[in-house]
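**Q** This is the structure I want to talk about, given as structure tokens.
Structure representation (structure tokens):
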């Protein structure tokens, strides 16, 4: 859960292409929307038609450049657009009608805002004469989404449509990326107008800083070169900036240990000897301890959120902080930065490599031998692990571990939220950027299936697995129908433990094992039967209940490429996520398992 920085899209942003004034075309406002999406480089729009946005759907039928995918719920459209954006680096686009259609996009818009995902949402609005009258399906979606969008627009003149959509794509994809909403009244969509795509976008006052200050880079390099217990704290901004290669150079140049947040998994190879794993509430002991005992923390595209820091007042008490971020508002927001650096993560890291190289050439080289001895001992003493359920049921961690091993590091894994999310972050080895998608900041149940759908649309030649829980899966599994009809062959692993697992874990630990309203009935009653449900949606349904069948079942799912596959992995009901820093406590109180005292409580 980290501050995201400027993405370098897979393809150059089309809104940058025109170099001369475009010709003027005469068309409707609705047709102007479609033409604008084409010029902005949108390949796909996820959406559902409705009264206020219906005028757009008529010219959209004729577009040869924009594919529309009819989802089954607007929330699915928003998460699919987010998954597409996270997997490709391009702007995701979703569309909905006014009122409930638009409000159903609020959750995915908030999700994209928290995780800094480039998203453009286009919504229809009631006609201008009805605005403010409580007209049928009227909702002030600009007002509703103001706190959760990077910017939003209510179009008041049909001639403004091209420049507004161009601005929306530019805002969404530059600086710190985020969601932008464009709300267009129905009468404007129906109006006759002219279309001219702007040669460039003019947004007075919007000048995101990419280049870091040389003086701050120099100060940071001196601090890094003399540190004795440094840590590279890597957030999702490194992925957004496509800075993984630069990060590898910096890490190997300095020999500094690396931790990658939940949003940065894949930014640095898990297999690299310098990688300590994920920090935070369910991070590795070595990663949490490294942050806590550091004398210098180099935060790159990360935001010191509460799931990483634990109780903020006790977090890393002896550390000086170098904080680099594209968004100046994040620097010093939670933890005071001793060396603040505003800039794009790739630019910052590249400059740090040069500056640290100069320090080393001058003979200033940190000796990290003792630091690594301490961290290696922690890695050896407290490796990630799990116990098999005493009742002989299937261990969920084993399922996820085997899934990652068989599908491999080139697959994309989109996770729901809860225990299975943490196990997927812990037990799959992420070696490459763009292979781990999840809802980090908002923690949105129901994210996985539509996000996997969007990722598969954006990267059709890549194997895409949704790793979901039986609770999450029941929130958005209707998008399996979309996948089956549209030919989007995702694979879904339902980690079916019969309950709301993370909530149950908290009830186990903090509420005296009083399990109020967490039993979903998917174990006791098999309601629903996920295998049959998958088949009803036109997918292949599989079930696995034993360790001996795990590999065979995953292999069978991997062999199916012509339609979606859903695997019901029926696992034990009581597995818990460890290590754990309980909410409201400090990272010194990390526990490796239930009943074991906090590991560093004596320090």
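Numbering (my numbering), first residue to last: 13 to 615.
Ideal Cβ positions, reconstructed from N, Cα and C, are used throughout, including at glycine.
(1) Using the C-alpha atoms, what's the distance from residue 451 back to residue 270?
(2) Answer yes if the region 86 to 98 comes into contact with the region 130 to 143, meaning at least three C-beta pairs across the two stretches below 8 angstroms, and no otherwise.
(3) Kindly give me the distance between the Cβ atoms of residue 531 and residue 510, rounded to whole angstroms, as I take these residues to be in contact under 8 angstroms.
(4) Under three-state DSSP, which class holds residue 48?
(5) Are three or more beta carbon pairs between the region 431 to 442 and the region 270 to 285 nearer than 8 angstroms?
(6) Could you check where the alpha helix (DSSP H) with residue 288 kicks off and where it finishes?
(7) Count the other C-beta atoms from every protein chain shown that fall within 10 angstroms of the C-beta of residue 73, then say buried if there are 16 or more, exposed otherwise.
(8) Taking 8 angstroms as the cut-off, does the region 562 to 575 touch the region 294 to 314 (at least 3 CB pairs, one atom from each stretch)?
(9) Can you give me the C-alpha to C-alpha distance between residue 170 and residue 495, rounded to a whole angstrom?
(10) If you check the beta carbons only, do residue 434 and residue 589 fall under 8 angstroms apart?
(11) Would you report the Cα separation of residue 79 and residue 142, rounded to the nearest angstrom?
(12) Since residue 192 is in the beta strand (DSSP E), which residue starts that stretch and which ends it?
(13) What would DSSP say about residue 325, mapped onto helix, strand or coil?
(14) Tell me the residue span of the beta strand (DSSP E) that contains residue 537.
(15) Any idea what DSSP makes of residue 603, helix, strand or coil?
(16) If we count the other Cβ atoms within 10 Å of its Cβ and call it buried at 16 or more, is residue 51 buried or exposed?
(17) Taking the alpha-carbon of residue 352 as reference, which of 233, 167, 369 has the nearest alpha-carbon?
(18) Excluding five sequence neighbours on each side, which residues of the same chain lie with their C-beta closer than 8 angstroms to the C-beta of residue 326?
(19) Does residue 390 pass the burial test, meaning 16 or more other C-beta atoms within 10 Å, or should it be called exposed?
(20) Pick helix, strand or coil for residue 435, following the three-state DSSP scheme.
(21) For residue 70, which residues from the same chain have a beta carbon less than 7 angstroms from its beta carbon, with the 5 sequence-adjacent residues on both sides left out?
(22) Would you decide whether residue 215 is buried or exposed? Buried here means 16 or more other CB atoms lie within 10 Å of its CB.
(23) Can you check which of these residues, 595, 378, 521, is closest to residue 263 by C-alpha distance?
(24) Going by Cα to Cα distance, which pick from 580, 549, 562 is closest to residue 538?
(25) Thinking just about the alpha-carbon of each residue, which of 472, 549, 201 is nearest to the one in residue 39?
(26) Report all residues from its chain with a CB closer than 6 angstroms to the CB of residue 287; omit the five preceding and five following residues, and keep chain order.
(27) Which same chain residues, not among the five before or five after residue 533, have their C-beta less than 8 angstroms away from its C-beta?
(28) Taking the C-alpha atoms as reference points, what is the distance between residue 339 and residue 554?
(29) Would you check if the region 111 to 119 and the region 168 to 185 touch, i.e. whether three or more CB-CB distances between them fall below 8 angstroms?
(30) Just to confirm, is the Cβ distance from residue 314 to residue 247 under 8 angstroms?
(31) Can you say whether residue 158 is buried or exposed, counting buried as having 16 or more other CB atoms within 10 angstroms of its CB?
(32) Check this for me: beta carbons of residue 428 and residue 457, under 8 angstroms apart or not?
(33) With a threshold of 16 other CB atoms inside 10 Å of the CB of residue 197, please say whether the residue is buried or exposed.
(34) For the beta strand (DSSP E) that residue 137 lies in, which residues bound it at each end?
(35) Counting Cβ pairs, one atom from each stretch, are 3 or more of them under 8 angstroms apart for the region 355 to 369 and the region 249 to 262?
(36) With distances taken between CB atoms, is the gap from residue 266 to residue 290 smaller than 8 angstroms?
**A** So, from the data block:
(1) In the chain shown, counting from the first residue as 1, residue 270 sits at position 258. In the chain shown, counting from the first residue as 1, residue 451 sits at position 439. Using only the alpha carbons, I get a separation of about 22 angstroms.
(2) Yes, the region 130 to 143 touches the region 86 to 98.
(3) Along the chain shown, read from residue 1 onward, the residue named residue 531 stands at position 519. Along the chain shown, read from residue 1 onward, the residue named residue 510 stands at position 498. With 8 angstroms as the limit, residue 531 and residue 510 qualify as a contact, their Cβ atoms being about 7 angstroms apart.
(4) On the chain shown, residue 48 is found 36 positions in, with the first residue counted as 1. Helix at residue 48.
(5) In short, these stretches touch, since the Cβ pair count reaches three.
(6) On the chain shown, position 276 is the one that residue 288 refers to. Counting along the chain, residue 288 sits inside no alpha helix (DSSP H); it lies in the beta strand (DSSP E) bounded by residues 287 to 289.
(7) Working through the chain shown from its first residue, we reach residue 73 at position 61. It counts as exposed.
(8) In the pairwise beta carbon analysis, the region 294 to 314 is classified as not touching the region 562 to 575: fewer than three pairs are separated by under 8 angstroms.
(9) One-based indexing of the chain shown puts residue 170 at position 158. One-based indexing of the chain shown puts residue 495 at position 483. Approximately 34 angstroms, taken between the alpha carbons.
(10) Sequence index remark: in the chain shown, residue 434 carries index 422 (1-based). Sequence index remark: in the chain shown, residue 589 carries index 577 (1-based). Going by C-beta atoms, residue 434 is nearer than 8 angstroms to residue 589.
(11) Translated into the one-based positions of the chain shown, residue 79 becomes position 67. Translated into the one-based positions of the chain shown, residue 142 becomes position 130. So the alpha carbons of these two residues sit roughly 31 angstroms apart.
(12) The sequence position of residue 192 within the chain shown is 180, counting from 1. Element bounds for residue 192: 191 to 197.
(13) For the purposes of this step, residue 325 is taken as the residue at position 313 of the chain shown. Of the three classes helix, strand and coil, the one that applies to residue 325 here is helix, per DSSP.
(14) Counting from one through the chain shown, the residue named residue 537 turns up at place 525. No beta strand (DSSP E) holds residue 537; DSSP gives it neither H nor E.
(15) Counting from one through the chain shown, the residue named residue 603 turns up at place 591. Strand, per DSSP.
(16) Along the chain shown, one-based indexing puts residue 51 at 39. Buried, because 16 or more other Cβ atoms sit within 10 Å of the Cβ of residue 51.
(17) In the chain shown, residue 352 corresponds to position 340, counting from 1. It is 233.
(18) Position 314 of the chain shown, counting from 1, holds the residue named residue 326. Counting only Cβ-Cβ distances below 8 angstroms, and skipping sequence neighbours, we find 598, 599, 600.
(19) Against the chain shown, residue 390 aligns to sequence position 378. Residue 390 comes out buried.
(20) Here the question's residue 435 lines up with position 423 in the chain shown. Looking at residue 435 - three-state DSSP - the assignment turns out to be helix.
(21) Your numbering for residue 70 matches position 58 in the chain shown. In chain order, 42 place their CB closer than 7 angstroms to the CB of residue 70, counting only its own chain and leaving out the 5 sequence neighbours on each side.
(22) Numbered from 1 along the chain shown, position 203 holds the residue referred to as residue 215. Exposed: under 16 other Cβ atoms inside 10 Å.
(23) Within the chain shown, residue 263 is the residue found at index 251, counting from 1. The shortest CA-to-CA distance from residue 263 to any of 595, 378, 521 is the one to 378.
(24) Translated into positions along the chain shown, residue 538 becomes position 526. Among 580, 549, 562, the Cα nearest to that of residue 538 is on 580.
(25) By one-based count along the chain shown, residue 39 stands at place 27. Residue 39 has its Cα closest to that of 201, out of 472, 549, 201.
(26) In the chain shown, counting from the first residue as 1, residue 287 sits at position 275. 270, 280, listed in sequence order.
(27) In the chain shown, counting from the first residue as 1, residue 533 sits at position 521. Closer than 8 angstroms at the Cβ level, and outside the excluded window around residue 533, lie 510, 539.
(28) Sequence index remark: in the chain shown, residue 339 carries index 327 (1-based). Sequence index remark: in the chain shown, residue 554 carries index 542 (1-based). Going from the Cα of residue 339 to the Cα of residue 554 covers about 45 angstroms.
(29) Output reads no: the region 111 to 119 does not touch the region 168 to 185.
(30) Taking the chain shown and counting its residues from 1, the one referred to as residue 314 is at position 302. Taking the chain shown and counting its residues from 1, the one referred to as residue 247 is at position 235. Yes.
(31) The residue you call residue 158 lines up with position 146 of the chain shown. With fewer than 16 neighbouring CB atoms inside 10 Å of its own CB, residue 158 falls in the exposed class.
(32) Taking the first residue of the chain shown as 1, we reach residue 428 at position 416. Taking the first residue of the chain shown as 1, we reach residue 457 at position 445. In contact: residue 428 and residue 457 (Cβ atoms closer than 8 angstroms).
(33) In the chain shown, counting from the first residue as 1, residue 197 sits at position 185. Classification of residue 197: buried, given that the 10 Å Cβ count is 16 or more.
(34) For the purposes of this step, residue 137 is taken as residue 125 along the chain shown, with counting starting at 1. First-last of the beta strand (DSSP E) with residue 137: 131 to 137.
(35) At 8 angstroms Cβ cutoff, the stretches touch.
(36) Within the chain shown, residue 266 is the residue found at index 254, counting from 1. Within the chain shown, residue 290 is the residue found at index 278, counting from 1. Contact flag unset, no.
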